[in-house]
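*Asks:* Residue numbers (UniProt numbering): 1 to 327. A virtual CB, placed ideally from N, CA and C, is assigned to each residue, including glycine. My questions will all concern the structure given below.
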Amino acid sequence: KQECADPASPFSYSTCVRMAAKGNGTSSAHFVLLGFSQQGNVQVVLFVVFLVIYVITLLGNVGLLVLIQLVAQLHTPMYFFLSSLSFLDLCYSSCITPRLLWDLLDEEKVISHAACLTQFYFYVAFATTECYLLAAMAYDRYVAICSPLLYSLSMSRGLCVLLVASSCLAGVTNATVHTGLALGLSFCGPNVIDHFYCEGPPLVALSCTDPAPNELGMFIMVGFNLAATMLAILLSYAFILAAILGPRSAAGKRKAFSTCASHLAVVVLSYGSFMAMYSRRSSRSSRLQDKVASVFYTVVTPMLNPFIYGLRNQEVKAGLWRLIGEE
1 KQECADPASP
11 FSYSTCVRMA
21 AKGNGTSSAH
31 FVLLGFSQQG
41 NVQVVLFVVF
51 LVIYVITLLG
61 NVGLLVLIQL
71 VAQLHTPMYF
81 FLSSLSFLDL
91 CYSSCITPRL
101 LWDLLDEEKV
111 ISHAACLTQF
121 YFYVAFATTE
131 CYLLAAMAYD
141 RYVAICSPLL
151 YSLSMSRGLC
161 VLLVASSCLA
171 GVTNATVHTG
181 LALGLSFCGP
191 NVIDHFYCEG
201 PPLVALSCTD
211 PAPNELGMFI
221 MVGFNLAATM
231 LAILLSYAFI
241 LAAILGPRSA
251 AGKRKAFSTC
261 ASHLAVVVLS
271 YGSFMAMYSR
281 RSSRSSRLQD
291 KVASVFYTVV
301 TPMLNPFIYG
311 LRNQEVKAGL
321 WRLIGEE
């Protein structure tokens, strides 16, 4: 209670005392998601900003899903992957943003141990699935540009479904391992997570038990998944670049580059913010930077993806105008 009475305490006295009383074991543990600011006027502004972002995310991704389903010209492997990415972004954003909006209006910001681990599970599952899905989309672009005559045969419906299902399986597997490791943690004090959602490193930092097994497990799993997907993307684009620099017409080169530009933009945005988020873990002074990088990865990127593909893609824009004309 003496610690809770500190004027610099980032949460209310009643919440701190209750957390100290409840934090004596994993089964009864609760957490406080500290978020961005404890100032009421700042939280209202942030609530409005994140609500607008979330609404745009829902409208953009649902709109792109509906457009791909209604326009027959978009029933190709590329747009099958794109619709899968839009659906994933809907799930990803809905895993993080509603809880963030709730906590911006809730003074105590308390989340139960079960709810925290549930959010952590789906966050890891969706993030991992997106990495593998982006790798599958890079392979699709490689086949389309390097073997255009065999594209329809190579990228069959069955293979596309298999690639998406494998991406989901990788996400579920990774999330199960991470959550299983987190279930073995014990928490002993006022469990304040200095973040706006339940994430692995902040949870491990609060644990009373030896964090080495969890840190090693997370390092191995995150390292493997990042290395595998980035290697697949880099190899695909190395072959694509070699094909573009080969004996092609200027129009062919422009078309090849145009089909890859949107995917490259999403890859750079996703992996850039993800790498920034995990490269600053050792510094206590970098918590704000961690949160900003996490916002880009979990909130902003799902909003931007449909617009990056839609605004830069002539087929999507043509399909939209065709659909409007039919109406």
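#1: Would you give the residue range spanned by the alpha helix (DSSP H) that Leu117 belongs to?
#2: Whose C-beta lies closer than 8 Å to the C-beta of Gln314 among residues of the same chain, with five residues either side of it excluded?
#3: Rounded to whole angstroms, how far is the Cβ of Val49 from the Cβ of Leu134, which I believe are closer than 8 Å?
#4: Less than 8 Å between the C-beta atoms of Leu100 and Tyr197, yes or no?
#5: Using 10 angstroms around the beta-carbon of Asn225, count the other beta-carbons present and answer buried if the total reaches 16, otherwise exposed.
#6: Between Ala160 and Pro77, is the Cβ-Cβ spacing less than 8 Å?
#7: Of all the alpha helix (DSSP H) runs that stay within the bounds of the stretch 192-219, which reach a length of 4 or more residues?
#8: Expressed to the nearest angstrom, what Euclidean distance is found between the alpha-carbon atoms of Ser84 and Thr229?
#9: Would you be able to state if there are at least three C-beta pairs under 8 Å between the stretch 201-208 and the stretch 174-188?
#10: Buried or exposed, going by whether 16 or more other CB atoms sit within 10 Å of the CB of Lys317?
#11: Quick check on DSSP: helix, strand or coil for Val71?
#12: Below 8 Å, can you find three or more Cβ-Cβ pairs linking the stretch 138-152 to the stretch 91-105?
#13: Terminal residues of the continuous alpha helix (DSSP H) containing Leu90?
#14: Between which two residues does the beta strand (DSSP E) harbouring Leu33 extend?
#15: Are the Cβ atoms of Val124 and His30 separated by less than 8 Å?
*Replies:* The short version:
#1: Looking up residue 117 in the sequence shown gives position 117. Its alpha helix (DSSP H) spans residues 113-146.
#2: Taking the first residue of the sequence shown as position 1, residue 314 is located at position 314. Contacts found: Ser258.
#3: Along the sequence shown, read from residue 1 onward, the residue named residue 49 stands at position 49. Along the sequence shown, read from residue 1 onward, the residue named residue 134 stands at position 134. No, Val49 and Leu134 are not in contact; Cβ-Cβ is about 27 Å, not under 8 Å.
#4: Translated into the one-based positions of the sequence shown, residue 100 becomes position 100. Translated into the one-based positions of the sequence shown, residue 197 becomes position 197. Contact flag set, yes.
#5: Position 225 of the sequence shown, counting from 1, holds the residue named residue 225. Label assigned to Asn225: buried.
#6: Stepping through the sequence shown from its first residue, residue 160 is reached at position 160. Stepping through the sequence shown from its first residue, residue 77 is reached at position 77. For the record, residue 160 in the displayed sequence is Cys; it is not Ala. Contact: yes.
#7: 200-206
#8: Taking the first residue of the sequence shown as position 1, residue 84 is located at position 84. Taking the first residue of the sequence shown as position 1, residue 229 is located at position 229. Cα to Cα, Ser84 sits roughly 17 Å from Thr229.
#9: yes
#10: Taking the first residue of the sequence shown as 1, we reach residue 317 at position 317. Exposed, since its Cβ has fewer than 16 Cβ neighbours within 10 Å.
#11: Taking the sequence shown and counting its residues from 1, the one referred to as residue 71 is at position 71. In the structure shown, Val71 sits in coil (DSSP, three-state: anything other than H, G, I, E or B).
#12: no
#13: One-based indexing of the sequence shown puts residue 90 at position 90. Unbroken alpha helix (DSSP H) run through Leu90: 77-105.
#14: Locating residue 33 in the sequence shown gives position 33, counting from the first residue. Annotation: the continuous beta strand (DSSP E) that includes Leu33 extends over 30-33.
#15: Stepping through the sequence shown from its first residue, residue 124 is reached at position 124. Stepping through the sequence shown from its first residue, residue 30 is reached at position 30. In this structure, His30 does not lie closer than 8 Å to Val124 by Cβ.
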